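A.B. asks:
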Amino acid sequence: MRVAALISGGKDSCYNMMQCIAAGHQIVALANLRPAENQVGSDELDSYMYQTVGHHAIDLYAEAMALPLYRRTIRGRSLDTRQVYTKCEGDEVEDLYELLKLVKEKEVVEGISVGAILSDYQRIRVENVCKRLNLQPLAYLWQRNQEDLLREMISSNIQAMIIKVAALGLDPDKHLGKTLDQMEPYLIELSKKYGVHVCGEGGEYETFTLDCPLFKKKIIVDSSEVVMHSADAFAPVAYLRFLELHLEDKVKNQCIQENLPPGTSGLATSEPRFSHSVEKACYMQLLKPFLFSKVLI
């Protein structure tokens, strides 16, 4: 299946792309929603749907993957926040609709890679948009155990750094800029102490992927600055703003080819159900996806 990937730059959308390829799908384009450049505080948009921190580096992300990138400015707001979403003019979900409509027209895609893990709010809205466009959302990470997922991401050589913190126990001075493998033990500890979601599904933290097996080049952060969004005494909210970045060549064996080893394609089920069973694949494990809505017959 020709697939476009919804990306924020974070670890989840990256790992879901890896699973799509392991299942035999072809990622042909990337899609991203960004805030308006002239908007005050645009780095951290108040959105129920989209990660915007790190959006300045998305162009490099696409260049690192050598894939076409489609972007749209977020013009809407969270207007229809009911459990079941219906088309609502001026809602930020309609920006996603317009973006994916464009991607479908230009790239003739059939599926959308979605890095959702736990949020029903996001799932319902992505499902709504995809159904209207007759696209199949592929969510291999849906409702997986978060400790397992984080471990798999690290083992699969996803090099992602923490670019936002917003939870009790996460300190901007200590933890911004740390990598996933550096943070894994501490995140598990915070989960046990305070109920923090290990993969950040409660908004506790956000990441940006600097390298992974899908990248033909890796992203290097030359300089950045810490922006304090909310100086709460117990759970300050802060993020990294990238100032200078560049791409660096990788040695040949650090990236994969699109042609996967024999026996690694076609292992994903097409059944529209939840499933946590796994099979061996070319990265770490090939997850059976939850297909939000089987709109393709």
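Residue numbers (the UniProt record's numbering): 1 to 297. Beta carbons: idealized from backbone N, C-alpha and C, even for Gly. Quick caveat: nothing in here was measured; it's all calculated off a predicted structure.
Measuring straight from C-alpha to C-alpha, what distance separates residue 218 and residue 57?
C.D. replies: In the sequence shown, residue 218 corresponds to position 218, counting from 1. In the sequence shown, residue 57 corresponds to position 57, counting from 1. Each residue's Cα considered, the two are about 12 Å apart.
A.B. asks: Buried or exposed: where does residue 273 fall if 16 or more other Cβ atoms within 10 Å of its Cβ makes it buried?
C.D. replies: Here residue 273 refers to the residue found at position 273 when the sequence shown is read from its first residue. The predicted position of residue 273 is uncertain, since its pLDDT is 23 and thus under 50; no value can be drawn from it.
A.B. asks: Report the residue ranges of all beta strand (DSSP E) runs contained in full by the segment 168-251; include only those spanning at least 3 residues, in chain order.
C.D. replies: Runs found: 205-211, 217-230 and 237-249.
A.B. asks: How many angstroms separate the CA atom of residue 185 from the CA atom of residue 231?
C.D. replies: The residue labelled residue 185 in the question sits at position 185 within the sequence shown. The residue labelled residue 231 in the question sits at position 231 within the sequence shown. Those two C-alpha atoms are separated by around 25 Å.
A.B. asks: Using only the alpha-carbon positions, how far apart do residue 264 and residue 27 sit?
C.D. replies: If you number the sequence shown from 1, residue 264 lands on position 264. If you number the sequence shown from 1, residue 27 lands on position 27. In this predicted model, residue 264 has a pLDDT of only 34, less than 50, meaning its place in the structure is not dependable enough to derive any value.
A.B. asks: Considering Cα atoms alone, identify which of 91, 173 and 189 is closest to residue 74.
C.D. replies: Against the sequence shown, residue 74 aligns to sequence position 74. Per the Cα distances, 91.
A.B. asks: Around the C-beta of residue 81, are 16 or more other C-beta atoms found within 10 angstroms, so that it is buried, or is it exposed?
C.D. replies: Walking along the sequence shown from the start, residue 81 turns up at place 81. Under this definition residue 81 is an exposed residue.
A.B. asks: Spatial neighbours of residue 167 within its chain, please: C-beta separation below 6 Å, excluding the five flanking residues on both sides.
C.D. replies: Taking the first residue of the sequence shown as position 1, residue 167 is located at position 167. Cβ within range, chain order: 196, 204 and 235.
A.B. asks: Could you spell out the range, first to last residue, of the alpha helix (DSSP H) harbouring residue 19?
C.D. replies: Residue numbering aside, residue 19 sits at position 19 when the sequence shown is read from its first letter. Its alpha helix (DSSP H) spans residues 11-22.
A.B. asks: Here's the rule: buried if 16 or more other CB atoms are within 10 angstroms of the residue's CB, otherwise exposed. What is residue 183?
C.D. replies: Taking the sequence shown and counting its residues from 1, one reaches residue 183 at position 183. With 16 or more Cβ atoms within 10 Å of its Cβ, residue 183 is classed as buried.
A.B. asks: Judging by CA-CA distance, which residue of 116, 172 and 7 is the nearest neighbour of residue 311?
C.D. replies: Because residue 311 is not part of the residues shown, which for the chain are 1 to 297, the question remains open.
A.B. asks: Would you mind sorting residue 206 into buried or exposed? The rule is 16 or more other CB atoms within 10 Å of its CB.
C.D. replies: Looking up residue 206 in the sequence shown gives position 206. It is buried - the Cβ of residue 206 has at least 16 other Cβ atoms within 10 Å.
A.B. asks: Can you grab the Cα-Cα spacing for the pair residue 5 / residue 246, in whole Å?
C.D. replies: Here residue 5 corresponds to residue number 5 of the sequence shown, with the count starting at 1. Here residue 246 corresponds to residue number 246 of the sequence shown, with the count starting at 1. Their backbone Cα atoms lie some 23 Å apart in a straight line.
A.B. asks: Hey, quick one: how far does the alpha helix (DSSP H) through residue 301 stretch, first residue to last?
C.D. replies: Residue 301 lies beyond the range of the chain shown here (1 to 297); nothing can be said about it.
A.B. asks: One question on the structure: do residue 1 and residue 110 come within less than 8 Å of each other, judged by their Cβ atoms?
C.D. replies: What you label residue 1 is simply residue 1 of the sequence shown in a count that begins at 1. What you label residue 110 is simply residue 110 of the sequence shown in a count that begins at 1. Result yes, Cβ atoms of residue 1 and residue 110 sit closer than 8 Å.
A.B. asks: Taking Cβ to Cβ, would you say residue 135 is nearer than 8 Å to residue 20?
C.D. replies: Your numbering for residue 135 matches position 135 in the sequence shown. Your numbering for residue 20 matches position 20 in the sequence shown. Contact flag unset, no.
A.B. asks: Among residues of its own chain, excluding the 5 on either side of residue 239, which ones have a beta-carbon nearer than 7 Å to its beta-carbon?
C.D. replies: Along the sequence shown, one-based indexing puts residue 239 at 239. Answer for residue 239: 43, 44, 53, 163, 164, 227 and 229, listed in chain order.
A.B. asks: For residue 220, count the other beta carbons within 10 Å of its own beta carbon; 16 or more makes it buried, fewer makes it exposed. Which is it?
C.D. replies: Position 220 of the sequence shown, counting from 1, holds the residue named residue 220. Exposed, because fewer than 16 other Cβ atoms sit within 10 Å of the Cβ of residue 220.
A.B. asks: For the candidate residues 29, 190, 11 and 224, whose alpha-carbon lies nearest to that of residue 107?
C.D. replies: The residue labelled residue 107 in the question sits at position 107 within the sequence shown. Ranking 29, 190, 11 and 224 by Cα distance to residue 107 puts 29 first.
A.B. asks: Should residue 180 and residue 158 be called a contact, given that it needs their Cβ atoms to be closer than 8 Å?
C.D. replies: Reading the sequence shown from its first residue, position 180 is the one you call residue 180. Reading the sequence shown from its first residue, position 158 is the one you call residue 158. Yes, these two residues count as a Cβ contact at 8 Å.
A.B. asks: When you compare only the Cα positions, how much space is there between residue 33 and residue 50?
C.D. replies: Indexing the sequence shown from 1 puts residue 33 at position 33. Indexing the sequence shown from 1 puts residue 50 at position 50. So the two alpha carbons sit approximately 7 Å from each other.
A.B. asks: Just the C-alpha distance for residue 268 and residue 149, rounded to the nearest angstrom, thanks.
C.D. replies: Here the question's residue 268 lines up with position 268 in the sequence shown. Here the question's residue 149 lines up with position 149 in the sequence shown. Note that residue 268 has pLDDT 38, beneath the 50 cutoff, so the model's placement of it is unreliable and the number below is only indicative. If you take the alpha carbons of residue 268 and residue 149, they lie about 17 Å apart.
A.B. asks: Leaving out five residues before and five after residue 153 in sequence, what residues of the same chain have Cβ atoms less than 7 Å from its Cβ?
C.D. replies: If you number the sequence shown from 1, residue 153 lands on position 153. 11, 15 and 180, listed in sequence order.
A.B. asks: Could you tell me the alpha carbon to alpha carbon distance between residue 3 and residue 97, rounded to whole angstroms?
C.D. replies: By one-based count along the sequence shown, residue 3 stands at place 3. By one-based count along the sequence shown, residue 97 stands at place 97. Roughly 16 Å separates the two Cα atoms.
A.B. asks: Apart from the five residues on each side of it in sequence, which residues of its chain come closer than 6 Å, Cβ to Cβ, to residue 175?
C.D. replies: As a position in the sequence shown, residue 175 is number 175, starting the count at 1. If we look at residue 175 and ignore the five residues flanking it on each side, its Cβ neighbours are 162 and 165.
A.B. asks: Assuming residue 133 is part of the alpha helix (DSSP H), what are its boundary residues?
C.D. replies: Translated into the one-based positions of the sequence shown, residue 133 becomes position 133. Looking at the DSSP string, the run of the alpha helix (DSSP H) that includes residue 133 is 120-133.
A.B. asks: Could you check which residue in 172, 104, 244 and 37 has the C-alpha nearest to that of residue 69?
C.D. replies: Along the sequence shown, read from residue 1 onward, the residue named residue 69 stands at position 69. If we check each option's Cα against that of residue 69, 104 comes out closest.
A.B. asks: For residue 22 versus residue 99, is the C-beta spacing smaller than 8 Å?
C.D. replies: Counting from 1 along the sequence shown, the entry for residue 22 is found at position 22. Counting from 1 along the sequence shown, the entry for residue 99 is found at position 99. Not closer than 8 Å, so no.
A.B. asks: Skipping 5 residues on each side, what residues in its chain have a beta carbon closer than 7 Å to that of residue 85?
C.D. replies: Against the sequence shown, residue 85 aligns to sequence position 85. Here the set comprises 93, 124, 125 and 128.
A.B. asks: Alpha carbon to alpha carbon, what distance is there between residue 214 and residue 260?
C.D. replies: As a position in the sequence shown, residue 260 is number 260, starting the count at 1. As a position in the sequence shown, residue 214 is number 214, starting the count at 1. Because residue 260 carries a pLDDT of 39, less than 50, the predicted location of this residue cannot be relied on, and the following value inherits that uncertainty. Taking the straight line from one Cα to the other gives about 12 Å.
A.B. asks: Expressed to the nearest angstrom, what Euclidean distance is found between the alpha-carbon atoms of residue 60 and residue 241?
C.D. replies: Sequence index remark: in the sequence shown, residue 60 carries index 60 (1-based). Sequence index remark: in the sequence shown, residue 241 carries index 241 (1-based). Answer to the nearest angstrom: the Cα atoms are 15 Å apart.
A.B. asks: Which partner residues does residue 72 have in the DSSP bridge list?
C.D. replies: Within the sequence shown, numbered from 1, the residue matching residue 72 stands at position 72. Residue 72 is bridged to 33.
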